[in-house]
Amino acid sequence: MKDKATGNPELNLRRRKAVESFFKVLMFVSTTAVVLSLVLILVSILWKSLPALKLSMITKTPGSGYYLGKEGGILNAIIGSLELTLGATLIALLIALPVVIYLNTYLGKHSFLAETIRFSLDVLWGIPSIVYGAFGFLLMLFFQLRASLLAGMITVALVELPILSRAMDETIQLVPTELKEATYSLGANHWQTTTRVVLRQAFPGLVTAILIAVGRGLGDAASVLFTAGYTDRITTSWLQPVATLPLAIFFQLNSPFPEVQQRAYASAAVLTWLLLLISLIIRSLSRKFSRNKIR
Amino acid sequence: MAERGRLSLKNLSVYYGKNQVLKNVNLEIPEKKITVIIGPSGCGKTTLLKCLNRLLGEYEEVRIEGQVIVDGQNIYTPEVDVTQVRKKMGLLSQKPQVLPMSIYDNVAFGPRLFGLRHQPELERLVEKYLKLAGLWDEVKDRLYEPASRLSIGQQQRLCLARGLAVEPEIILGDEPTSALDPQSSRNVELQLLRLKQDYTILLVTHILRQAKRVADYLAFLYLGELVEFGPASQVFENPKDPRTRAYITGEIS
Chain R
1 MKDKATGNPE LNLRRRKAVE SFFKVLMFVS TTAVVLSLVL ILVSILWKSL
51 PALKLSMITK TPGSGYYLGK EGGILNAIIG SLELTLGATL IALLIALPVV
101 IYLNTYLGKH SFLAETIRFS LDVLWGIPSI VYGAFGFLLM LFFQLRASLL
151 AGMITVALVE LPILSRAMDE TIQLVPTELK EATYSLGANH WQTTTRVVLR
201 QAFPGLVTAI LIAVGRGLGD AASVLFTAGY TDRITTSWLQ PVATLPLAIF
251 FQLNSPFPEV QQRAYASAAV LTWLLLLISL IIRSLSRKFS RNKIR
Chain U
1001 MAERGRLSLK NLSVYYGKNQ VLKNVNLEIP EKKITVIIGP SGCGKTTLLK
1051 CLNRLLGEYE EVRIEGQVIV DGQNIYTPEV DVTQVRKKMG LLSQKPQVLP
1101 MSIYDNVAFG PRLFGLRHQP ELERLVEKYL KLAGLWDEVK DRLYEPASRL
1151 SIGQQQRLCL ARGLAVEPEI ILGDEPTSAL DPQSSRNVEL QLLRLKQDYT
1201 ILLVTHILRQ AKRVADYLAF LYLGELVEFG PASQVFENPK DPRTRAYITG
1251 EIS
């Protein structure tokens, strides 16, 4: 029953096995490359920062002559980044949440308005942050603000907004239709269904969306470059300039003194660890609140 | 109270785009009895149920003609508030959909929707309806656990309790036992038999034996048409239409 078209079955089998093995090896190499680069980044930053990793890095602000190699730390930038990102994320959330609720509750999935909004958000997500920085600068001039915490917050909020919106949107879309139907069948209106059931079901995904946005906001340099200014002190007022970790890294790396350059790597390490810490805290909180989620 | 639970369909036709799924259905559902709709898959049974609580227009491209009259009023007129219509109907889906909250919150969800906040009253209602659904004994010690941890049979009874808690007049069941094991199925059937004293029940099923066990009245739906309707014993023993006879004897399914 050997068909001319299928050819020799023995050869066929060996060829298929060879193709599979080839791709298996390729996939293994790619995975190794990815993991290796991650490890390389973390290790090299840690390595270069070793001499400068002292407790005073995170507990002191820059003393005079800090950028020439003298005493101090980056506490100003740590606190500044936290202040700025917290504020920016809150602003972004305040706008993103209503947009996402409206998109998923009152608009049909394929309505023209819904597709336009989603498309716009996708495009906004792709705009480089330096462009947001330039736009933020323009706003500052228009409102006669100086480089400050407030201006920085607004600009970073703009950066985070499309990310937050689209990530939350995708999560909410994953909530099964049958669950919504069951809720409607009980006599709930759109608003009640969304707030009491859909958002509850989507909660872990919403938290992940916030984490993604925070990650972007915390580490972004281009958007704060012209809008947040910089200072060696800890900022306590909206209208004062504020220090941020990405800029701290930038300025320290720029220095001709090797001790200061080492501090730049130490700052990078601090930034990385800070992000990790925030992620862990928020994830553990999220787990507590989602014990009731289905599936 | 005279008109509670009165349900009738007049010239009901439903179109999905160009496809006519229900063809001119005229049906008067008897009060406080169990009416079972049988028919082969794809004949429009689920569509018919979804028409009754106006769930159909939510997501798909549907056109509905005709009237669905509940308690003397056509529910498809613009003045009618759709949430009030749905409150009158309790829907049991094929696959139990528990809400992402505790067992207690699932049952209390309905009363809370309509403004009830008084704690002792809510507790009383939760216990009452869990008992009515035959689930109280199994969950009374773990009311605040997530509902998703229940077995599928228990989840379906929870959905029953939850649906009853909004105090409907009519219970709609879309093949409510087809996802359950025989023991849980039997459980749900027993609850429905007990409930028909107070509620009008409309059940859709493709299990003929189940229809035989619970039906007071039988309706046979075939390719979107209501072919026959009458008391269950009469339709089973003496079907008037040859198509009904063919389905009941198993020639077509």
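Chains R and U are the protein sequences, given in the same order. Per the numbering used here, residue 1 is the first one in the first sequence, and the count goes up by one each step. Per the numbering used here, residue 1001 is the first one in the second sequence, and the count goes up by one each step. The beta-carbon is built from N, C-alpha and C at its ideal position, and this holds for glycine as well.
Query, Result
"Bridge partners - serine 1008 of chain U, DSSP secondary structure assignment", "U:Glu1028, U:Ile1069"
"Within chain R, partners of lysine 1095 of chain U - CB distance below 9 Å", "Glu178"
"Neighbouring residues, chain U, relative to arginine 287 of chain R (Cβ below 8 Å)", "Chain U residues near arginine 287 of chain R: none, gap ~13 Å exceeds 8 Å."
"Cβ-based burial, alanine 1002 of chain U [other Cβ within 10 Å; buried from 16]", "Only weak support exists for where alanine 1002 of chain U lies, its pLDDT of 44 falling under 50; the coordinates are left without a value."
"Segments of 4+ residues assigned as alpha helix (DSSP H) that fall wholly inside the segment 171-226 of chain R", "177-185, 199-219"
"Inter-residue Cα distance where the pair is arginine 1257 of chain U and isoleucine 1103 of chain U", "Here chain U comprises residues numbered 1001 to 1253, so residue 1257 of chain U is not present and cannot be evaluated."
"Own chain, CB closer than 6 Å to leucine 1056 of chain U, minus 5 neighbours either side, in chain order", "Lys1050, Val1062"
"8 Å Cβ cut-off: residues of chain R touching leucine 1049 of chain U", "Going along chain R, no residue has its Cβ under 8 Å from leucine 1049 of chain U, so there is no contact; the nearest lies around 10 Å."
"Where leucine 1055 of chain U meets chain R, residues with beta-carbon distance less than 8 Å", "Glu181, Tyr184, Ser185"
"Proximity test, Cβ basis, 8 Å: serine 1151 of chain U and chain R", "no"
"CB contact below 8 Å: alanine 188 of chain R versus chain U", "yes"
"Touching by the beta-carbon criterion (3+ pairs, under 8 Å), the segment 1200-1207 of chain U and the segment 1035-1050 of chain U", "yes"
"Beta-ladder partner(s) of tyrosine 1015 of chain U, from DSSP", "U:Gln1020, U:Arg1063"
"Beta-carbon proximity list for alanine 202 of chain R, same chain, < 6 Å, skipping 5 on both sides", "Thr171, Ile172, Val175"
"Whole-angstrom C-beta distance between threonine 193 of chain R and lysine 180 of chain R, which should lie under 8 Å", "6 Å"
"Cβ of isoleucine 130 of chain R within 8 Å of any chain U Cβ", "no"
"The segment 1105-1132 of chain U: positions lying closer than 9 Å to chain R by Cβ", "Asp1105, Phe1109, Gly1110, Arg1112, Leu1113, Phe1114"
"Assigned exposure category for serine 37 of chain R - 16 Cβ within 10 Å defines buried", "exposed"
"Contiguous alpha helix (DSSP H) assignments of at least 4 residues, all confined to the segment 25-68 of chain R", "55-59"
"Contact with chain U by glutamine 173 of chain R, beta-carbon distance below 8 Å", "no"
"DSSP-derived helix/strand/coil call for glutamate 1251 of chain U", "coil"
"Collapsed DSSP secondary structure at serine 1102 of chain U in the structure displayed", "strand"
"Assigned exposure category for glutamine 1197 of chain U - 16 Cβ within 10 Å defines buried", "exposed"
"Option nearest leucine 1092 of chain U by Cα separation, candidates U:Ser1185, U:Arg1117, U:Glu1079", "U:Ser1185"
"DSSP state of leucine 1208 of chain U mapped onto helix, strand, coil", "helix"
"Neighbouring residues, chain R, relative to lysine 1087 of chain U (Cβ below 9 Å)", "Leu186, Gly187"
"Per-residue contacts from serine 1178 of chain U into chain R (C-beta, under 9 Å)", "Going along chain R, no residue has its Cβ under 9 Å from serine 1178 of chain U, so there is no contact; the nearest lies around 14 Å."
"Lysine 1212 of chain U CB to nearest heavy atom of the ligand NAP below 7 Å", "Only the bare structure without any ligand can be found here, which leaves the ligand NAP out of the picture."
"DSSP state of leucine 1091 of chain U mapped onto helix, strand, coil", "strand"
"Which listed residue (R:Leu84, R:Gly69, R:Met27) has its alpha carbon closest to that of serine 237 of chain R", "R:Leu84"
"Proximity test, Cβ basis, 8 Å: lysine 293 of chain R and chain U", "yes"
"Nearest-angstrom Cβ-Cβ length linking isoleucine 1053 of chain U and serine 185 of chain R, presumed shorter than 8 Å", "According to the sequence shown, residue 1053 of chain U is asparagine rather than isoleucine. The pair is a contact, with the Cβ atoms about 6 Å apart (cut-off 8 Å)."
"Partner residues on chain R for arginine 1162 of chain U, Cβ-Cβ distance less than 8 Å", "Leu186"
"Valine 159 of chain R to valine 198 of chain R span [Cα, whole Å]", "26 Å"
"Rounded separation between valine 19 of chain R and leucine 1226 of chain U - CA only", "58 Å"
"C-beta contact flag for proline 1168 of chain U and methionine 1089 of chain U at 8 Å", "yes"
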